[in-house]
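In this note's numbering, the protein residues as written are 115 to 1143. To keep things clear, I will list the structure first and then write my remarks on it.
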Amino acid sequence: MIIMITSIKLTIFSGFILAVVCTLLVACGGGSGGGTSATTTVDVDTDGDGLSDNQEQIIGTSTILADTDGDGLDDNYEVTNGGFNPLIADLPTIAIDVIGAPTIQLNVVDTISNKDVGSFTSSFAQGQQSSYSRSDTEATSSTVSNSTRIYAEASLQAGVGGLGGSAKVGKEASTSSSITNETSTNITASASQNARQEYGRYREATKNVSSVAESGSLTSNLRITNTSNLTFDLSSVEIIAKKRVNNSSTFQPVATLVFKPDSVVKTLGDGASIEKLVVADSPSVPLLKELMQNPSGLLFTVGNYDLNKIGDEQGRDFARLSQIISSQTAQVVIDYGANQQNANAAVESYMVATNVKRDAITQEVLGISIAEVLTTILKIPYQTTSQQLLDANQNPTGLTRTVLSQVRDVASVDIANGFWYVFTNSASIDSNPNVNFEDIILKPRDRITLVYLADMDGDKLFNREEFIIGTRIDIRDTDGDNLNDFEEAKVGWNVVVTAPGYAVLSDPLNPDADGDNLADDKEKLKGLDPDNIDTDGDLILDDVDPSVGTALASINLTFTGPGELITVKGAVVATPSVTVDSVIIDWGDNTLATTITSNFSTINTLHQYTAKGNYSITVTAKSVNLADEVRIYSVNFQPRFRATIGSMTQNENWSELSHTRIAKDINGDKKADLVGFAPNNTWVALSKGDGFEPAVSIPLTFGVNGYIKSLHLHQLADVTGDGNPDIVAFTDDGVKVAVNDGTGNFAAASLWIDDYGANQTWRIGKHPRLLADFNNDKKMDIVAFRSTGVEIAFSTGISFLKPTEIVLAEYGFAAVAGSWTINHPRVMAYVNDDNYPDIVGFGTGGTVTYLNDQNGRFVPTRWYVPNFGTDNAYRIDRHLRLLVDVNNDKKDDIMAFANGAVVISQAKQDNFDSTFYVASNQFSYNAGWRIQNDPRFLSDINGDGLPDIIGFGPQNGPGTDGGVLYSLNTGNNGIYAPMKKWLDEFSFLKGWTVNDNPRLMADVNGDGTDDIIGFDDSEVVVEFSAKVQ
């Protein structure tokens, strides 16, 4: 766990020295020309440092302090000797690293019998390291301490713009921490489980002992490394190990480890290090027990140093210097988190002189603004953005302030991808909590920390806190036990088996930490202890004990969007021994909470959010004879994306008559990208999570005639088996493939088979060509419908094998194959749960299905239902017929948009159900929906894994106004809820046409819900679905 930071204070000042030397020459009368021997104001040197007052005013140093920054080197020395800065204290930088696994031990003695009860030991093996291991410990602890408020602020500001802010913290500047690359550890899942089980042994061993004396130890291998170019003598270092206190947001010291070299003094040169096993004296036994009970990583911070001879034998003494430096400087820390600026720099720390500007009369120090510190002294580029100020009801006031939005190349994006936040003890926050970032004034002993925060997985734990805990930053539920990481690490539940009960936190790294065959969500449901296999101590394990888990209330609610109108349904169920008094839903938007006092088994309520943002919804079940049961959900209403991306819209002459636009993830980041096929170009616009990057034209050639939509088919499908979608083009000469390298870049197109092209007389209206993994080898094959029947061209990963025979004399244009025409759609679908695709065709008399025999051919016996064909009044220009699994049984069902309704015929074991049922009376032809005007999709818009109906069309019959309308799949065996309106736009009567303004559904931000992608006349628009978790 070694991430080194080299001091960059020296490079900042390199360009400054030449300018100052030139200034000195001019100010001293250097060079040719006359001068005067008389003393002038230019020659006055009030502080006697060898620089005149006039020179110091130009440089920015103090005229009354010979050593402005207090680092033991006077201003003249620092200006005239390369590599020093008179406004930044120049001291060595030191890295502290934890090597191996910190170990804790509890020793327990029965004070009555004076016998040992036992020793209990846990080794905290470290998990995978990241730049968060070298994050500033004060930034991390401040983030954890203020995370709830910061998250609430950020969620609200995300909806109105200007993400970020500032908070008052009490920590003063520390010279010791400024020179130290401090560290933190995390913990593996197995180490966490072992620690919890060891704590269970301790608790079991001591439960019947009335009086005990307890002691403990914390042992760790530590390494101290000199990461600067200054030599120094090291006598000792005091290192404080801290942990987050259970059920709290504060960090407290567990133990102090005193690192002393084996010799009395150790001289450390540039890059030298010393390693030693250190045992803490008198650790906090209660915190050691907490650490064993609820394991997490530790923060290691510096308490004190004993350094001397800094630089040479007559060098500076750190103890003396640190007091002087603290009285003359402020500490500026920039913590980039995971966005380190190079391979080593996750944190920058400076002690910057703040004592130059003074009141002319009282000589009181006035300080310096952070804007001047960054711009003039540190030369670090930054940007700010305007932020709306909100009133007590979280409504915009019309007033604004500026907040930090970028440092160097790292910019605020959103909560998931990161934003800047500021912690400081500056009095500027006291006088004006909404102070502009640039106007924060720093005085001696002040500290300001610019920290980059992110919550990638949206679980309300910032990434740096997840590192300490050991949970994953990209998954809300690290251990997959149906409790998100926040619930396990910070909320927990009450064990209610015996009165009065006690609070517990479950292990977010292990689904069943105590190994009793009850996952943590089941332990919570029963009100049991997740770290005790026998919660009530009756020698019957919890998973088979019928007497436990009898007093509880269980919250089981679902929140569905997709827009800002949220529907809540479900139940709060209590066992007979518990009486639920009320259920309170705090929506997290500072509106009045909803209180439900009856019908807890059939909760059904609505809430309208008024602004985009990320909200935490807290549901509390209050019981007469049980502690509150709490469950936390989160909902994210991401701001709409609307931008010109340089291609793919009507203003760039795109039309569905001649162009094709597809939304699909082409670079493996689980976010849908845009790929557009124009007659002579292929365009790609990658998703950036909150929208799309500018479109880029890629040099792909598919034939001398380019892409003619009436003749050529262009699709995206994985034909190589590497999991990345490739471009498959049915051209004049045959089928050409441009292979995707996994990053969204495509190789030059090559001919994979000289068939199925326009020159081989294949026509779009006559000969469907579909792509499906027919032999289940992870590579998509060509299913081609010749006039005489179906043949399969299997992919080898580098080409398609030319078929030698027709494998099914059906579905073809010729009479011998059934006289199938453009009026008879044919699709590939999985209708019998065997993972092999089958053919479903909507013919003249009904629906014909042939099953894949898993050997490259078809089962001879067909499925047939006399529905959904042309004889049943279905027309290709009026009625959509789609295949989708509506009831989650792994078999695709038929959904048909008929004249009077949307109907479903479910796939059974040996055929489609001949009796269909009505899914919705809307979205149909008689309700005013037209193929040529009103697109309809089957998409998961609420993240439950089930297909919902979404349409862009009329709301109340033919010719009426409409918008985006949807019907959610209820999850009840394919039943759909009544139609609702999501948005009052994107429809034909709002000016959107199928040819000029196509609409697509795809997951643009990777949250598991499909979003609306609309191609307006000049801009691409994305309306994001709401994700409730």
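Backbone N, C-alpha and C fix where the C-beta goes; we use that ideal spot for every residue, glycine too. These numbers come from a predicted model, not from an experiment.
Same chain, Cβ closer than 6 Å to residue i, neighbours up to 5 away in sequence not counted
i     : result
A305  : F238, A239
W876  : Y870
D985  : T958, G959
S236  : I218, A309, E312, M406
A898  : Y870, R883, E905
L1103 : D1075
T672  : K683, G684
Y616  : V609
Beta-carbon separation (whole angstroms), residue i vs residue j, contact threshold 8 Å
i    : j    : result
L922 : F956 : Contact doesn't hold; Cβ gap of about 16 Å is too wide.
T175 : D189 : 5 Å
F755 : G805 : 3 Å
G594 : P558 : At roughly 51 Å, the Cβ-Cβ gap does not stay under 8 Å, so G594 and P558 are not in contact.
V470 : A757 : About 45 Å separates the two Cβ atoms, so there is no contact after all.
I208 : T415 : 13 Å between Cβ atoms; not a contact.
Beta-bridge pairing of residue i - partner residues as DSSP gives them
i     : result
S909  : F914
N195  : N195 is not bridged to any residue.
R877  : None, per the DSSP bridge assignment.
Y747  : I731
K390  : L336
S329  : N221
L1103 : BP columns for L1103 are empty, so no partner.
Q722  : L679
L371  : I353
P510  : L504
E462  : I448
P882  : Answer is none; P882 lacks a bridge partner.
Residue i vs residue j beta-carbon contact at 8 Å
i     : j     : result
A268  : I680  : no
I587  : P622  : no
H826  : A863  : no
Q445  : M465  : yes
S1101 : G1077 : yes
R1044 : G1065 : no
F914  : V849  : yes
L413  : F346  : no
K1063 : Y1090 : First, the residue type needs correcting, since residue 1063 is Ile and not Lys in the sequence shown. Yes, these two residues count as a Cβ contact at 8 Å.
V368  : L402  : yes
V392  : D224  : no
K683  : G1120 : no
A1140 : I1127 : no
N981  : S1019 : yes
N966  : F888  : yes
G276  : S440  : no
F600  : K636  : no
Residues near residue i by beta carbon distance below 8 Å, same chain, minus five either side
i     : result
D1131 : T763, Q764, N765, D1110, N1111
A141  : Residue placement at A141 is poorly supported in this model, since its pLDDT is 41, which falls under 50; the coordinates still yield a value, given next. V156, S166, N168, Q169, I172.
A1167 : There is no way to answer for residue 1167, as the model of the chain reaches only from 115 to 1143.
Y978  : G960, T961, V962, T963, N1025
S324  : I226
Cβ-based neighbour list, residue i, same chain, cut-off 7 Å, excluding 5 preceding and 5 following
i     : result
R992  : Y1039, I1045
L187  : D181, F198, D204
L201  : G174, T175, T182, D183, V466, A467, I491
V930  : T902, A923
N548  : L503, R515
T935  : F927
G983  : F956, G957, T958, G959, G960, T961
D1124 : S1053, D1054, I1055, M1115, A1116, D1117, S1139
N631  : D657
Contact the stretch 1023 to 1031 vs the stretch 984 to 1002: 3+ CB pairs below 8 Å: The stretch 1023 to 1031 vs the stretch 984 to 1002: no contact.
Cβ contact (3+ pairs, closer than 8 Å) linking the stretch 849 to 863 and the stretch 771 to 782: In short, these stretches touch, since the Cβ pair count reaches three.
Contact the stretch 744 to 754 vs the stretch 716 to 732: 3+ CB pairs below 8 Å: Judged by pairs of C-beta atoms under 8 Å, the stretch 744 to 754 touches the stretch 716 to 732, as three or more such pairs exist.
Validate contact between the stretch 393 to 403 and the stretch 217 to 230 using beta carbons, cut 8 Å, 3 pairs: Look at the beta carbons and you see the stretch 393 to 403 touching the stretch 217 to 230: at least three pairs across the two are nearer than 8 Å.
Segment contact flag, the stretch 811 to 818 with the stretch 838 to 848, C-beta cutoff 8 Å, min 3 pairs: Yes, since at least three Cβ pairs between the stretch 811 to 818 and the stretch 838 to 848 fall closer than 8 Å, the two stretches touch.
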